[in-house]
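Scroll down for the structure; my scribbles are underneath it.
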Amino acid sequence: MKSNSSSLIKLFILQWLAVVCVAQNFDFFYFVQQWPGSYCDTKQSCCYPTTGKPAADFSIHGLWPNYKDGSYPSNCDPDSPFDQSKISDLSSSMRRNWPSLACPSSNGFTFWGHEWDKHGTCSESVLDQHDYFASALGLKTQLNLLQALKTAGIQPNGQFYSLNSIKGAIKAGTGYTPYIECNVDVSGNSQLYQIYMCVDNSGTNLIECPVFPRGRCGSSIEFPSF
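According to mature numbering (1 follows the signal peptide of the UniProt record, and there is no 0), the stretch in the sequence shown is residues -23 to -1, 1 to 203, in order.
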C-alpha cells in the first residue's frame, strides 16, 4: 500500500514537472501584427467587431512563445483558462488594438481567449494572464509599423511595393528585421498580411529573430487600403 502511494506521488510530481518544463522552456516570442485590409480582402472576407470598423492600422494577432528550432509549445495549461475579469482594465485598449475580424461579429473575448489558451499558457512562468496581454499592448505602442512604412513612402493604397523595401522600412523604423507573411486577395495577388517581430522570453525587449517562420512572399506585394 505504501509502495503504491509512493509511486502515485512520483507520477504526480513527474506530470507536474512536465507541465512546468513545457511552460518555461521557450526561447523567445513572435509578436505578430496583421493588416486588417489584407485580412478582409480575401475570398473568406471578414466581419467587423460589434463595436464597429477598427482603425486603419495594424492590429495585434498574438504574442507566441517559440523555440529556436522553429517549433513552438501550445495549450500548455488546461487548468488556467482565460478569465476576462483579469483583464477588465485592459478591455478598452484591447478592443482598439486587438480586434477580432473573424465572422460572425464578436466583442473579441473569444479571440483573446483562444490566444491565451493556446499561447499565453505556455509563458505563465514569465507572464500571468494580465501581464501577457499588457505586454502585447505595450509592444504595439512601441512598434508603430504603419508609421515606419509611411515614412518610407509605403502607403496602404492598393499599390504594389517590393518586399525588400517593406522589410527595409520596418528595419529602419524599429531597428530590427521583420518577417513578412503574405496572403492572397480575391484577384490572386500577393498582399502584405502579417508582420512578425521577435521579443526576448521576458516579453519585453525586441531582439533579432533567432529563426523565421517558413513561407515566402512574392518580390512585389500589394498593400491594400482598409
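In this text, a Cβ means the ideal position worked out from N, Cα and C, and glycines have one as well.
With a cut-off of 8 angstroms, do at least 3 Cβ pairs link the region 60 to 67 to the region 12 to 27? They do not touch, by the three-pair rule.
Tell me whether residue 162 is buried or exposed, calling it buried when 16 or more other Cβ atoms sit within 10 Å of its Cβ. It is buried - the Cβ of residue 162 has at least 16 other Cβ atoms within 10 Å.
Could you round the C-beta distance between residue 183 and residue 176 to whole angstroms and report it? I think they count as a contact, below 8 angstroms. Between residue 176 and residue 183 the Cβ distance is about 6 angstroms, and since that is below 8 angstroms, they are a contact.
Backbone secondary structure at residue 199 - three-state DSSP: Of the three classes helix, strand and coil, the one that applies to residue 199 here is strand, per DSSP.
Determine the direct distance from the alpha carbon of residue 85 to that of residue 109, and round the result to whole angstroms. Between residue 109 and residue 85, the C-alpha separation is close to 16 angstroms.
So, using beta-carbon positions, are residue 154 and residue 125 closer together than 8 angstroms? For the pair residue 154 and residue 125, the CB atoms are not nearer than the 8 angstroms cut-off.
For residue 92, report the span of its alpha helix (DSSP H) as first-last. Note, residue 92: alpha helix (DSSP H), 86 to 95.
Going by other Cβ atoms of all chains shown within 10 Å of its Cβ, with 16 needed for buried, is residue 53 buried or exposed? In this structure residue 53 is buried. Its beta-carbon is surrounded by 16 or more other beta-carbon atoms within 10 angstroms.
Can you tell me which residues form a DSSP beta bridge with residue 216? Within the shown structure, residues of the chain are numbered from -23 to 203, placing residue 216 beyond reach of any answer.
DSSP state of residue 167 mapped onto helix, strand, coil: Three-state DSSP puts residue 167 in a strand.
Below 8 angstroms, can you find three or more Cβ-Cβ pairs linking the region 83 to 100 to the region 122 to 140? Segments in contact, no.
Within this structure, are the beta carbons of residue 104 and residue 70 separated by less than 8 angstroms? No, Cβ-Cβ distance for residue 104 and residue 70 is not below 8 angstroms.
Please state if the CB of residue 131 and the CB of residue 200 are separated by a distance shorter than 8 angstroms. Closer than 8 angstroms, so yes.
Status (buried if at least 16 other CB within 10 Å, exposed otherwise) for residue 128: Exposed, since its Cβ has fewer than 16 Cβ neighbours within 10 Å.
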